[in-house]
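Residue numbering for the sequence shown is 8 to 180, as defined by our numbering. As structure tokens, the structure follows; a few thoughts come after it.
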Amino acid sequence: AFSLILLPLTGVTPAHSATEMHMVPVLAQPVGRGEIIRDEAVVLQEMKRSPAGIDYITDGQVLVGMAAKRPLRAGAPLRLSDISQPRLVAKGDLVTIAFQAPGLSLSVHGKALEDGVQGQAIRVLNTQTNRTFEGAVAAAGYVLVSPLGSQPPVEAQTTRLEYSSTAAATPEQ
8 AFSLILLPLT
18 GVTPAHSATE
28 MHMVPVLAQP
38 VGRGEIIRDE
48 AVVLQEMKRS
58 PAGIDYITDG
68 QVLVGMAAKR
78 PLRAGAPLRL
88 SDISQPRLVA
98 KGDLVTIAFQ
108 APGLSLSVHG
118 KALEDGVQGQ
128 AIRVLNTQTN
138 RTFEGAVAAA
148 GYVLVSPLGS
158 QPPVEAQTTR
168 LEYSSTAAAT
178 PEQ
């Protein structure tokens, strides 16, 4: 027969200390420099808690839509310094410069004088008049210039609806 003897473990250090694990978003496949990280490329992987001073990204949605600053390996935890907002306009690109104000929407072709990411104010050149403007990058190849400088422009749809309802309310002849 077996007998069980319990001994106190005071002063005894275990040979292996417990390692705290957590789920971290990583890339399923390598991503090249400048490539956009897509939703399907991000997977969760169990890893040891990061050492003090190293802050790994813990929310996979932070990665989606961002660009790799350098080539990134699959399965490795990522830091904010590994990613950046994607460049939507590059210096020298031909762009559409749009001006929007209540009741007015104009667009001309121009040239970007600076690189830009979503929402960033950059300088653009109207190639027809050689005038320089500052506008906010709204999409790839599209810069919005508003009467308030780099302030967000009035949405054209709202403006059209306001003027449409005003036109409908005019007295009949």
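Just so it is clear, CB atoms sit at the ideal spot from N, CA and C, and this is done for glycine as well. Predicted model, so just to flag it, every value in this text is computed and none were measured.
- Residue range M28 to L34 is occupied by the beta strand (DSSP E) that includes P32.
- Counting only runs that start and end inside the segment 117–154, the beta strand (DSSP E) elements of at least 3 residues fall at 128–133, 138–146 and 149–152.
- Put simply, of V131, I43, L151 and V49 the residue whose alpha carbon is nearest the alpha carbon of Q107 is L151.
- The beta carbon of P37 sits closer than 7 Å to those of P78, L79, R80 and A81, all from its chain and outside the five residues before and after it, given in chain order.
- Note on I90: 16 or more other CB atoms within 10 angstroms of its CB, so buried under the neighbour-count rule.
- Along the segment 46–97, the beta strand (DSSP E) occurs as fully enclosed runs of 3 or more residues at 49–55 and 94–96, listed in sequence order.
- Leaving aside the five residues that flank E42 on each side, the residues in its chain whose CB is nearer than 8 Å to its CB run, in chain order, A74 and A75.
- By the C-beta density criterion, A48 is buried, having at least 16 other C-beta atoms within 10 angstroms.
- Secondary-structure assignment with DSSP links I43 through a beta bridge to A74.
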